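Structure first, then comments.
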Amino acid sequence: MKKIEAIVKPFKLDDVKEALNDVGIQGMTITEVKGYGRQKGHKEIYRGAEYVVDFIPKVKVEVVVADDQADAVVAKIREAANTGKLGDGKIFVYNVEEAVRVRTGETGVDAL
Amino acid sequence: MIAKLLNPLALVLLLPASALAADGLDTGDTAWMIVSTALVMMMTPAGLALFYGGMSRYKNLLNTIAMTMVAYCLGSIIWVMWGYTLAFGPSKAGLFGGFDFFFLNGIGVDSLSGTIPTYVFLLFQMTFAGITVALVLGSIVDRMKFSSWVVFTILWLTFIYAPVAHWAWGGGWMGSMGALDFAGGTVVHINAGVAGLVLSFMVGRRIGYGKEAMFPSSITLTALGAALLWFGWFGFNAGSQLAADGVAGSAFLVTNTSAAMGALSWMFAEWAVTRKPTVLGLASGVVAGLVAITPAAGFVSMPASLVIGLLAGVLGYVSVSKLKNMLGYDDSLDAFGVHGLCGIWGALATGLFANPAVNEIGTGLFYGNPKQVWIQFLSIIGTAAFSAVGTFVVAYITKLITGGLRVDHEEEIVGLDNAQHGERAFEIQNV
Numbered sequence: 000m001k002k003i004e005a006i007v008k009p010f011k012l013d014d015v016k017e018a019l020n021d022v023g024i025q026g027m028t029i030t031e032v033k034g035y036g037r038q039k040g041h042k043e044i045y046r047g048a049e050y051v052v053d054f055i056p057k058v059k060v061e062v063v064v065a066d067d068q069a070d071a072v073v074a075k076i077r078e079a080a081n082t083g084k085l086g087d088g089k090i091f092v093y094n095v096e097e098a099v100r101v102r103t104g105e106t107g108v109d110a111l
Numbered sequence: 000m001i002a003k004l005l006n007p008l009a010l011v012l013l014l015p016a017s018a019l020a021a022d023g024l025d026t027g028d029t030a031w032m033i034v035s036t037a038l039v040m041m042m043t044p045a046g047l048a049l050f051y052g053g054m055s056r057y058k059n060l061l062n063t064i065a066m067t068m069v070a071y072c073l074g075s076i077i078w079v080m081w082g083y084t085l086a087f088g089p090s091k092a093g094l095f096g097g098f099d100f101f102f103l104n105g106i107g108v109d110s111l112s113g114t115i116p117t118y119v120f121l122l123f124q125m126t127f128a129g130i131t132v133a134l135v136l137g138s139i140v141d142r143m144k145f146s147s148w149v150v151f152t153i154l155w156l157t158f159i160y161a162p163v164a165h166w167a168w169g170g171g172w173m174g175s176m177g178a179l180d181f182a183g184g185t186v187v188h189i190n191a192g193v194a195g196l197v198l199s200f201m202v203g204r205r206i207g208y209g210k211e212a213m214f215p216s217s218i219t220l221t222a223l224g225a226a227l228l229w230f231g232w233f234g235f236n237a238g239s240q241l242a243a244d245g246v247a248g249s250a251f252l253v254t255n256t257s258a259a260m261g262a263l264s265w266m267f268a269e270w271a272v273t274r275k276p277t278v279l280g281l282a283s284g285v286v287a288g289l290v291a292i293t294p295a296a297g298f299v300s301m302p303a304s305l306v307i308g309l310l311a312g313v314l315g316y317v318s319v320s321k322l323k324n325m326l327g328y329d330d331s332l333d334a335f336g337v338h339g340l341c342g343i344w345g346a347l348a349t350g351l352f353a354n355p356a357v358n359e360i361g362t363g364l365f366y367g368n369p370k371q372v373w374i375q376f377l378s379i380i381g382t383a384a385f386s387a388v389g390t391f392v393v394a395y396i397t398k399l400i401t402g403g404l405r406v407d408h409e410e411e412i413v414g415l416d417n418a419q420h421g422e423r424a425f426e427i428q429n430v
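One line per chain: the protein sequences are A and B, in this order. Counting with numbering that gives the first Met the number 0, you get residues 0 to 111 for the letters of the first sequence. Counting with numbering that gives the first Met the number 0, you get residues 0 to 430 for the letters of the second sequence.
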């Protein structure tokens with residue numbers, strides 16, 4: 000199993016969610032996060048006082064999928080979250096050792 | 000105009016015979032002044048509290064509201080005990096009023112000030128005292144001890160506000176000299192602005208000033224506060240005629256025109272320089288325009304108010320965005336930049352644009368009376384100098400009484416809402 004962690008622009012969250020539904024992904028976890036990469040922060044000016052806002056709001060989407068689905072899911076997220084501008088985000092893929100469904104005790108891919 | 004009623008000499012010299020004949024209570028004037036008083040009252044605990052509160056940081060929002068509200072409450076009490084008599088009692092050498100009306104002694108339901116009951120007049124004046132001291136706090140939010148603010152407010156109203164109000168409106172030297180201040184350019188705005196500047200030096204800069212980002216807690220609240228100030232200012236300026244007449248109507252007109260012009264010019268100046276027309280800029284410009292028209296409101300015609308508002312917006316913007324950085328003082332919410340400097344501009348503009356066709360009491364440079372500019376200049380210098388020295392002394396005494404003017408380092412970092420009041424302005428949870 001793989002965990003796919005995608006940090007995307009907040010306004011792209013719905014597109015990402017729908018794209019994942021299309022490839023049969025049943026659930027996901029999202030978190031509101033802040034950070035910066037090559038996009039850097041932005042400036043706000045209040046009565047001439049200029050403040051640099053380093054950390055920009057993003058949404059982190061986490062899904063765990065079977066090994067053979069991982070490449071397709073990553074491609075789908077990339078397609079859905081892409082605007083072509085700096086700050087579109089990043090996708091990380093991790094190995095997952097085990098998954099357990101709390102209600103039934105099923106394990107592995109069956110628990111996803 | 001206030002001075003007209005209170006300076007017996009001016010009364011005899013300047014009032015037309017018809018007005019003298021009409022002496023006695025006028026119900027129309029009285030009704031308007033009761034409404035005006037309520038309008039001006041709203042400016043402090045609602046208008047200014049939101050205007051300033053929204054600009055202060057999220058952790059100091061309640062403290063800002065608390066300081067504003069307590070200033071109005073203290074002003075209300077001090078005024079009816081000894082403030083009114085110090086400002087409007089029989090003049091002692093043109094410097095302050097005598098103690099004849101201590102605790103409103105001798106004033107009853109039949110007492111009149113011009114055509115309105117003295118009770119209404121003194122209440123109207125009370126709302127001015129309340130807002131003036133509250134304006135000062137804009138310079139020191141985020142760091143002054145609440146106890147120090149309470150002591151400072153009591154001393155400042157007694158020893159600074161009351162005498163200056165006497166000078167301009169209570170029969171004191173500024174009014175006698177012929178200085179024109181319709182609704183408080185010197186008494187309210189220059190006085191409060193200069194006091195704020197001095198107090199900001201004495202309290203010192205905020206921790207992290209110029210290095211850390213200090214975001215306003217809510218520009219929404221600030222914009223709403225500016226709108227309430229604007230609304231209340233109709234009472235402030237049109238009410239200062241102390242009558243429901245044509246001059247009051249004219250004051251209403253130029254007040255609105257100057258406020259709108261100030262907002263537009265601040266917005267366009269900012270748009271040109273930093274490429275964004277901000278809401279904070281619009282709200283600030285409204286107040287800049289209102290401040291500048293205040294001394295001129297009952298004296299100038301509509302075209303003059305366009306110029307007064309236009310320059311007030313640009314002056315306010317330049318002073319808060321450039322001048323403050325150049326000079327390096329931390330006037331947190333720009334009480335000096337907006338009220339002090341735009342007040343000075345308004346007081347000078349009154350000397351330039353006062354139009355005898357609007358009000359025969361005032362004739363400015365452009366109508367053939369260059370001397371008025373000099374008189375206005377003296378009244379500005381007199382007010383600013385007294386306010387600067389007086390505020391220094393009053394703040395110094397406050398410091399001795401309360402053991403320092405400033406919260407300690409940790410309290411300042413935590414925020415004054417929590418440290419001084421044990422409360423929080425917002426409860427927002429993500430889950």
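Just so it is clear, CB atoms sit at the ideal spot from N, CA and C, and this is done for glycine as well. All values reported here derive from a predicted model rather than from experimental measurement.
To the nearest angstrom, report how far apart residue 342 (chain B) and residue 130 (chain B) are at their CA atoms.
Indexing the second sequence from 1 puts residue 342 (chain B) at position 343. Indexing the second sequence from 1 puts residue 130 (chain B) at position 131. For residue 342 (chain B) and residue 130 (chain B), the distance between alpha carbons rounds to 15 Å.
Grouping DSSP H, G and I as helix and E and B as strand, with all else coil, what is residue 405 (chain B)?
For the purposes of this step, residue 405 (chain B) is taken as the residue at position 406 of the second sequence. In the structure shown, residue 405 (chain B) sits in a strand (DSSP, three-state: E or B).
With respect to the beta strand (DSSP E) encompassing residue 342 (chain B), which residues constitute its N-terminal and C-terminal limits?
Residue mapping note: residue 342 (chain B) aligns to position 343 of the second sequence, counting from 1. Per DSSP, residue 342 (chain B) belongs to no beta strand (DSSP E); it is in the alpha helix (DSSP H), 340-352.
Using a Cβ-Cβ distance under 8 Å, would residue 6 (chain A) count as near chain B?
Within the first sequence, numbered from 1, the residue matching residue 6 (chain A) stands at position 7. By this cut-off, residue 6 (chain A) is not an interface position.
Using a Cβ cut-off of 8 Å (strictly closer), state whether residue 47 (chain A) contacts chain B.
The count along the first sequence starts at 1 and reaches residue 47 (chain A) at position 48. Yes, its Cβ sits closer than 8 Å to a Cβ of chain B.
Neighbour list for residue 114 (chain A) in chain B, Cβ cutoff strictly below 8 Å
Residue 114 (chain A) lies beyond the residue range present for chain A, which begins at 0 and ends at 111; the question has no answer from this structure.
Measuring only between beta-carbons, confirm whether residue 59 (chain B) sits less than 8 Å from chain A.
As a working note, residue 59 (chain B) is residue 60 in the second sequence. No, its Cβ sits nowhere closer than 8 Å to a Cβ of chain A.
For residue 88 (chain B), name the three-state secondary structure that DSSP assigns.
Along the second sequence, one-based indexing puts residue 88 (chain B) at 89. The answer is coil: DSSP assigns residue 88 (chain B) none of H, G, I, E or B.
Stretch pair the stretch 115-129 of chain B + the stretch 75-82 of chain B: three plus CB contacts closer than 8 Å:
yes
Terminal residues of the beta strand (DSSP E) in which residue 56 (chain A) lies:
Counted from its first residue, the first sequence places residue 56 (chain A) at position 57. Run containing residue 56 (chain A): 55-64, per the beta strand (DSSP E) assignment.
Close-in-space but distant-in-sequence residues of the same chain around residue 406 (chain B) (CB under 8 Å, 5 per side omitted)
As a first step, residue 406 (chain B) must be located in the second sequence, where it is residue number 407. Closer than 8 Å at the Cβ level, and outside the excluded window around residue 406 (chain B), lie 142, 143, 144, 415, 418, 419.
Taking the alpha carbon of residue 230 (chain B) as the point to measure from, which residue in B:196, B:157, B:282, B:394 has its own alpha carbon closest?
Mapped onto the second sequence, residue 230 (chain B) falls at position 231. Closest option to residue 230 (chain B), Cα to Cα, is B:282.
How about residue 382 (chain B) and residue 363 (chain B): are their beta carbons less than 8 Å apart?
Taking the second sequence and counting its residues from 1, one reaches residue 382 (chain B) at position 383. Taking the second sequence and counting its residues from 1, one reaches residue 363 (chain B) at position 364. Taking 8 Å as the Cβ cut-off, residue 382 (chain B) and residue 363 (chain B) do not qualify as a contacting pair.
Residue 299 (chain B) and residue 246 (chain B) look like a contact to me (Cβ under 8 Å); what is the Cβ gap, rounded to whole Å?
For the purposes of this step, residue 299 (chain B) is taken as the residue at position 300 of the second sequence. For the purposes of this step, residue 246 (chain B) is taken as the residue at position 247 of the second sequence. Contact doesn't hold; Cβ gap of about 11 Å is too wide.
Residue 50 (chain A) versus chain B: which residues are under 8 Å apart at the beta carbon?
For the purposes of this step, residue 50 (chain A) is identified with residue 51 of the first sequence, where counting begins at 1. By Cβ distance, chain B contributes 212, 213, 214.
Taking the C-alpha atoms as reference points, what is the distance between residue 74 (chain A) and residue 92 (chain A)?
Position 75 of the first sequence, counted from the first residue, corresponds to residue 74 (chain A). Position 93 of the first sequence, counted from the first residue, corresponds to residue 92 (chain A). Looking at the two C-alpha atoms, the distance is approximately 12 Å.
Does the stretch 302-316 of chain B come close enough to the stretch 150-164 of chain B to have 3 or more Cβ pairs within less than 8 Å?
no
Identify the contact partners of residue 333 (chain B) in chain A, using a Cβ-Cβ distance below 7 Å as the criterion.
As a first step, residue 333 (chain B) is located in the second sequence; it is residue number 334 there, counting from the start. Under the 7 Å cutoff, chain A gives 46.
C-beta neighbour in chain A for residue 136 (chain B), strict 8 Å
Taking the first residue of the second sequence as 1, we reach residue 136 (chain B) at position 137. So, not an interface residue.
Taking its Cβ as the centre, do 16 or more other Cβ atoms sit within 10 Å of residue 33 (chain A), making it buried, or is it exposed?
Looking up residue 33 (chain A) in the first sequence gives position 34. Exposed, by the Cβ-count rule.
Residue span of the alpha helix (DSSP H) that contains residue 190 (chain B), given as start and end:
Translated into the one-based positions of the second sequence, residue 190 (chain B) becomes position 191. Note, residue 190 (chain B): alpha helix (DSSP H), 190-202.
Around the Cβ of residue 179 (chain B), are there at least 16 other Cβ atoms within 10 angstroms (buried) or fewer (exposed)?
Working through the second sequence from its first residue, we reach residue 179 (chain B) at position 180. Counting Cβ neighbours within 10 Å, residue 179 (chain B) comes out buried, since at least 16 surround it.
Under three-state DSSP, which class holds residue 272 (chain B)?
Residue mapping note: residue 272 (chain B) aligns to position 273 of the second sequence, counting from 1. The answer is helix: DSSP assigns residue 272 (chain B) an H, G or I state.
Ordered list of alpha helix (DSSP H) runs contained in the stretch 251-320 of chain B, each at least 4 residues
278-292, 301-317
If I follow the unbroken beta strand (DSSP E) through residue 91 (chain A), where does it start and stop?
The residue you call residue 91 (chain A) lines up with position 92 of the first sequence. Start and end: 88-94.
Tell me whether residue 225 (chain B) sits in a helix, a strand or coil according to DSSP, three-state version.
What you label residue 225 (chain B) is simply residue 226 of the second sequence in a count that begins at 1. Here residue 225 (chain B) sits in helix by DSSP.
What separation, rounded to the nearest whole angstrom, lies between the Cα atoms of residue 100 (chain B) and residue 85 (chain B)?
Walking along the second sequence from the start, residue 100 (chain B) turns up at place 101. Walking along the second sequence from the start, residue 85 (chain B) turns up at place 86. If I take the Cα positions, the gap works out to 8 Å.
Using the C-alpha atoms, what's the distance from residue 65 (chain A) back to residue 279 (chain B)?
Stepping through the second sequence from its first residue, residue 279 (chain B) is reached at position 280. Stepping through the first sequence from its first residue, residue 65 (chain A) is reached at position 66. Their backbone Cα atoms lie some 52 Å apart in a straight line.
Can you say whether residue 83 (chain A) is buried or exposed, counting buried as having 16 or more other CB atoms within 10 angstroms of its CB?
Position 84 of the first sequence, counting from 1, holds the residue named residue 83 (chain A). Flag for residue 83 (chain A) reads exposed.
Residues of its chain near residue 25 (chain B), where Cβ-Cβ distance is below 6 Å and the 5 sequence neighbours each way are ignored:
Along the second sequence, one-based indexing puts residue 25 (chain B) at 26. Cβ within range, chain order: 114.
Tell me whether residue 78 (chain A) sits in a helix, a strand or coil according to DSSP, three-state version.
Here residue 78 (chain A) is taken as the residue at index 79 of the first sequence, counted from 1. Three-state result, residue 78 (chain A): helix.
Between the stretch 296-328 of chain B and chain A, which residues of the former have CB atoms less than 8 Å from a CB of the latter, in chain order?
316, 319, 320, 321, 323, 324
How big is the Cα-Cα spacing for residue 136 (chain B) and residue 45 (chain A)?
Numbered from its first residue, the second sequence carries residue 136 (chain B) at position 137. Numbered from its first residue, the first sequence carries residue 45 (chain A) at position 46. So the alpha carbons of these two residues sit roughly 19 Å apart.
DSSP three-state assignment for residue 107 (chain A), whether helix, strand or coil
Along the first sequence, read from residue 1 onward, the residue named residue 107 (chain A) stands at position 108. Of the three classes helix, strand and coil, the one that applies to residue 107 (chain A) here is helix, per DSSP.
Should residue 390 (chain B) and residue 150 (chain B) be called a contact, given that it needs their Cβ atoms to be closer than 8 Å?
As a working mapping, residue 390 (chain B) is identified with position 391 in the second sequence. As a working mapping, residue 150 (chain B) is identified with position 151 in the second sequence. No. Outside cutoff.
In angstroms, rounded to a whole number, what distance separates the CA positions of residue 102 (chain A) and residue 46 (chain B)?
Residue 102 (chain A) sits at position 103 when you count from the first residue of the first sequence. Residue 46 (chain B) sits at position 47 when you count from the first residue of the second sequence. So the two alpha carbons sit approximately 56 Å from each other.
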